Amino acid sequence: MNYAGPSTFQGEVTVSKNGDYEIIVYSYDPQTGNTGVDKVNVKVN
Amino acid sequence: MKKMLVLGTILSGVFLFSISEAVQTKLVIRAKSKDAKFVGTKMGGALVVIKESETGRVLVEGLTAGETGDTGKIMKAPKTRFGHIADGAAGFETVIDISEPTLITIDVSAPYMHKDNLIKSSTQMWLIPGKNITGEGIIIEVPGFSVDAHAPESAKLANGKAVITVQARIVMI
């Protein structure tokens, strides 16, 4: 994902099959060890 | 004579126990984000749960409230022994009635505003009747980021593929 403004990041996922997808977004700072995760669901039809 | 002395010791022990009364003891708990500032009202606070360690009984719970603190003191100034970093920063102030030294477990979960991102940090300490823990209080560090991701609920295949744009807001806890 790329920086897209203060505290905001954006990226694209390309899929080629129908179905229900779960996209997992994680953050990781190797300097501090801070991590975080969120998940979103997308239906492709 | 010897028996009487022993009995006297026991009685004095019972006597001391019987007159021990609950004493109000002040306690301040603060949640500090790792590599960042204090968790305050802006993030919905941090949930503080204080339990009696031996029994698991909840003594008190509440949310930290207030500002995130002084950036210069927290993030820039060199740390020194007895140095204060929490002046005016968010915290949870409470009073606990205890009649004897009590081992307590303190759980801090943050950020309360984003429950999907809650991280819990814990510590234990002995609370002594009448011996207040105020000022800086007990500072518990909470590691991690709060990640809030968004994407469209659905996408359609076009020419055999679908491009899904994902955006995430990522902030320190």
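Sequence order for the protein chains is S and W.
First residue of the first sequence: 1, per this note's numbering; consecutive thereafter.
First residue of the second sequence: 46, per this note's numbering; consecutive thereafter.
Every residue gets a Cβ at the ideal spot worked out from N, C-alpha and C, and that includes glycine.
Computed from a prediction, not measured in an experiment: that's the story for all the values here.
*So which residues of chain S does W:E198 contact, with C-beta pairs closer than 8 angstroms?*
What you label residue 198 of chain W is simply residue 153 of the second sequence in a count that begins at 1. Per Cβ cutoff of 8 angstroms: N41, V42, K43.
*Under 9 angstroms between C-beta atoms, does W:V192 make it to chain S?*
Here the question's residue 192 of chain W lines up with position 147 in the second sequence. W:V192 counts as touching chain S.
*Inter-residue Cα distance where the pair is W:L50 and W:K71*: Indexing the second sequence from 1 puts residue 50 of chain W at position 5. Indexing the second sequence from 1 puts residue 71 of chain W at position 26. Any answer about W:L50 is weak, because its pLDDT of 43 lies below 50 and its placement is not dependable; what the coordinates show is given next. Approximately 39 angstroms between the Cα atoms of the pair.
*For W:I209, return the contacting residues in chain S, with the cut-off set at a CB-CB distance below 8 angstroms.*
Here residue 209 of chain W corresponds to residue number 164 of the second sequence, with the count starting at 1. By Cβ distance, chain S contributes E12, V13, T14, V15, Y21, I23, V42, V44.
*By how many angstroms is the C-alpha of W:G205 removed from the C-alpha of W:A155?*
Position 110 of the second sequence, counted from the start, is the residue given in the question as residue 155 of chain W. Position 160 of the second sequence, counted from the start, is the residue given in the question as residue 205 of chain W. Cα to Cα, W:A155 sits roughly 43 angstroms from W:G205.
*Does the beta-carbon of W:R102 have 16 or more other beta-carbons within 10 angstroms, so that it is buried, or is it exposed?*
Residue mapping note: residue 102 of chain W aligns to position 57 of the second sequence, counting from 1. Per the 10 Å Cβ criterion, exposed.
*Report yes or no: is there a C-beta of chain S within less than 9 angstroms of the C-beta of W:R126?*
Along the second sequence, read from residue 1 onward, the residue named residue 126 of chain W stands at position 81. So no, W:R126 is outside the interface.
*Which residues, in chain order, does the region 60-92 of chain W contribute to contact with chain S at a C-beta distance below 7 angstroms?*
K79, D80
*Could you tell me whether the Cβ of W:P123 comes closer than 9 angstroms to any Cβ of chain S?*
Taking the first residue of the second sequence as position 1, residue 123 of chain W is located at position 78. Not one chain S Cβ lies under 9 angstroms of W:P123.
*asked:* Please identify, using Cβ separations under 8 angstroms, the residues of the region 154-172 of chain W that lie next to chain S, in order along the chain.
replied: D161, N162
*In the structure shown, what three-state DSSP assignment does W:F87 receive?*
Position 42 of the second sequence, counted from the start, is the residue given in the question as residue 87 of chain W. Here the sequence assigns Lys to residue 87 of chain W, which means Phe is not the residue at that position. It is helical.
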